Amino acid sequence: MGTFLAVHVTCPACESTKKWCSQPFVNNTPAGNLALSAAILFTGSSYTKVSRMLNSLNVPAISESTFTLHLSSYLQPTILHAWKDHQMGLFRHLATLDGGLMLGADGRSDSPGYSAKYGSYSVLESRINKVIDIQLVQVLYLLAFMFAYNCDQI
């Protein structure tokens, strides 16, 4: 079970039992396992590298499927929720500014010599110097948009 440890103790005299757990649970998920998944994601590392390191130290770790489950069930929804809250705060702030919006945008699909299917497109409000939106788009649509609006090539 990864970082989770449970100890079951039975009294030899009265046969009463106790269970001790090394960590609390979050919706039936050991909190330490979830914290490990978060640490891997938020440090920019990869599951494979961290797993290899922990295995070389004989430290129990979560499986890759558990890591993926944590990403989809907890971490990505939390990040998306935090981003949407932050973005709404930016929109509220921008609504109070006089003079409309001063937007800049840029798209990136890949490095020279590679062929990517997807690209990112970011929009920045110049007066407050903050990114107000980021989208992942298929390169075909990004290039069509740039051609339609006579934008410079990526």
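If you're matching positions, the sequence shown starts at 6 in the working numbering and goes up one per residue. Positions of the beta carbon are idealized from the N, C-alpha and C atoms, including for glycine. Quick caveat, the model's predicted, so the values are computed rather than measured.
Linking residue 129 to residue 106 through their CA atoms gives a straight-line distance of about 10 angstroms. For residue 35, the secondary structure class from DSSP, reduced to helix, strand or coil, is strand.
DSSP places residue 94 in the helix class (H, G or I) of the three-state scheme. Rounded to whole angstroms, the gap between the alpha carbons of residue 111 and residue 25 is 54 angstroms. Cβ contact annotation for residue 136 (same chain, cutoff 6 angstroms, sequence separation greater than five): 127, 129, in chain order. Three or more beta-carbon pairs separated by less than 8 angstroms are not found between the segment 69 to 85 and the segment 13 to 22, which leaves the two stretches without contact. The C-beta of residue 71 has 16 or more other C-beta atoms within 10 Å across all chains shown, which makes the residue buried. Beyond the five residues adjoining it in sequence on each side, residue 30 comes within less than 7 angstroms, by CB distance, of 36 in the same chain, given in chain order.
With respect to the 9 angstroms criterion, residue 94 and residue 132 are not classified as neighbours on the basis of their beta carbons. When secondary structure is reduced to three states using DSSP, residue 130 falls in the strand class. Here residue 66 carries a coil assignment [DSSP, helix/strand/coil].
Here residue 11 has 24, 25, 26, 27 as same chain residues with Cβ atoms under 8 angstroms from its own Cβ, once five neighbours each way along the sequence are excluded. In the DSSP annotation of this structure, the continuous segment of the beta strand (DSSP E) that includes residue 24 starts and ends at 22 to 26.
The alpha-carbon of residue 42 is positioned some 28 angstroms away from that of residue 114.
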